[in-house]
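Peer 1:
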Amino acid sequence: SIRTLLSGRDLPLYRIMLYQFGWVNEDGREQTSNGLPLVHGELCMEVAKALSARREVALSHAAAVEISHKFWQVHVDVADGNPDRNGRPSVWWTWGPAQAINAGDGMHAMARLALFKLRDLGVHSEQIAASVGVLDAAIVLLCEGEYLEISFQERPVVAIDNYLEMAERRSGALMGCASRLGVSAAQLDDSIIGDGLQAFGSYLGLVRHIVDDYALFWGLGERDQTQQGRLQSKKKTLPVVHALTHGGATTKRRIGEIYMKRILEPTDADHLSELLDEAGSRQFT
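Everything in the sequence shown is counted per the working numbering, starting at 10 for the first residue and increasing by one.
1) Could you spell out the range, first to last residue, of the alpha helix (DSSP H) harbouring W81?
2) On the premise that Y28 lies in contact with L35, defined as a C-beta separation below 8 Å, what is that separation, rounded to the nearest angstrom?
3) Taking the runs of the alpha helix (DSSP H) that are 4 residues or longer, which of them lie wholly in the region 145-184?
4) Flag this pair as yes or no: are the beta carbons of A182 and A123 separated by less than 7 Å?
5) Taking all protein chains shown into account, decide if T235 is buried (16 or more other Cβ within 10 angstroms of its Cβ) or exposed.
6) Measure the alpha-carbon distance for T259 versus M269 and round it to whole angstroms.
7) Please report the straight-line C-alpha distance between M175 and L190, rounded to a whole angstrom.
8) Please classify P46: is it buried, with 16 or more other beta-carbons within 10 angstroms of its beta-carbon, or exposed?
9) Helix, strand or coil for E274? Go by DSSP, reduced to three states.
10) DSSP puts D93 in a beta bridge; with which residues?
11) Are G256 and A278 touching if we call contact CB-CB under 7 Å?
12) May I ask you to report which of helix, strand or coil DSSP gives V132?
13) Tell me the rounded alpha-carbon separation between R232 and D204.
14) Does the region 234-249 touch the region 78-98, meaning 3 or more C-beta pairs lie closer than 8 Å?
15) Which class does E287 belong to by DSSP, given the choice of helix, strand or coil?
16) Looking only at its chain, what residues have a beta carbon closer than 6 Å to the beta carbon of L127, apart from the 5 residues adjacent to it on each side?
17) Based on the DSSP secondary-structure assignment, which residues constitute the bridge partners of V33?
18) If you compare alpha carbons, which of S134, G31, D198 and A187 is closest to E51?
19) Based on Cα-Cα distance, which residue from F161, W101, A118 and I11 lies nearest to V249?
20) Using 10 angstroms around the beta-carbon of E320, count the other beta-carbons present and answer buried if the total reaches 16, otherwise exposed.
21) If you run the structure through DSSP and keep just helix, strand and coil, what is Q292?
22) How long is the line joining the alpha carbons of R64 and W81, rounded to whole angstroms?
23) To the nearest angstrom, how far is it from the Cα of G31 to the Cα of K79?
24) Three-state secondary structure (DSSP) at G256?
25) Under 7 Å Cβ to Cβ from A139, same chain only, skipping five residues before and after it: list those, please.
26) Residues in the same chain with beta-carbon distance under 8 Å from Q196, minus the five sequence neighbours each way, listed in chain order, please.
27) Is it the case that the Cβ atoms of G185 and Q207 are separated by a distance below 7 Å?
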């Protein structure tokens with residue numbers, strides 16, 4: 010469904026979009042996918058399947074949320090300066106930040122078009138409008154979460170509850186959207202089921218965000234470029250938020266000294282992990 014939407018267009022712009030999915034190389038030649046799961050789309054499909062939705066209708070909803078996730082990754086890589094994404098050069102590193110932003114915006118529009126194509130499957134306009142509303146509301150929440158995360162970088166201390174609110178919006182919005190769109194694909198007018206599954210997806214996204222925070226400091230093997238980007242941009246992760254709230258005075262001062270540096274070195278990340286361990290932040294996370 011996604012390939013059909015993005016393929017067959019002349020401008021190289023759409024090659025950039027296909028590249029983000031890992032389906033073509035920089036020259037537009039087909040290549041074997043990197044095997045990464047399309048988590049948001051798969052969640053949407055699983056919910057839709059459980060509720061006996063038509064497969065074609067479910068695929069359009071799943072495509073919309075997965076394209077939205079990929080467009081957001083493009084923008085995040087620009088914002089964080091990530092040179093790599095999933096083991097190869099990121100879109101902005103390959104085509105420049107201007108074209109990356111342009112491609113990301115285009116993918117946002119293509120996600121909505123995936124839902125509008127439901128008219129060809131006989132879905133009523135009111136249902137399509139409701140699905141588009143679910144997607145747009147999730148993107149707004151996502152932007153709110155990103156705003157909060159960026160604003161936290163300038164704060165010396167962030168409350169844990171505020172952090173969790175940010176993480177649930179930033180990483181939970183699209184997961185919640187994926188679940189809710191699975192309900193929409195089944196064309197069920199049941200707010201209890203819809204609200205419940207959306208809350209489940211949102212919570213699942215929050216958990217994945219915290220797992221990523223944990224892996225940033227205590228993962229297996231070397232940090233990849235995306236993780237390095239999060240460190241370089243000095244994101245306030247849950248372990249750091251916890252340590253700055255509950256750690257001793259010496260620990261707080263040392264963490265503050267690290268975050269005051271203009272550029273963090275790999276050794277700073279290792280030192281930071283040790284400080285977080287001492288503050289009990291690993292166990293808390």
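Beta carbons: idealized from backbone N, C-alpha and C, even for Gly. Quick caveat, the model's predicted, so the values are computed rather than measured.
Peer 2: Walking through what the data contain:
1) R64 to D89
2) Looking at the sequence provided, one finds Glu at residue 35 rather than Leu. About 7 Å; that satisfies the 8 Å criterion.
3) none
4) no
5) buried
6) 15 Å
7) 22 Å
8) exposed
9) coil
10) P98
11) no
12) coil
13) 37 Å
14) yes
15) helix
16) S69 and I137
17) E39
18) A187
19) F161
20) Missing from the structure shown is residue 320; the chain here goes from 10 to 294 and no further.
21) helix
22) 26 Å
23) 11 Å
24) coil
25) S193
26) A62, V66, V132 and Q136
27) yes
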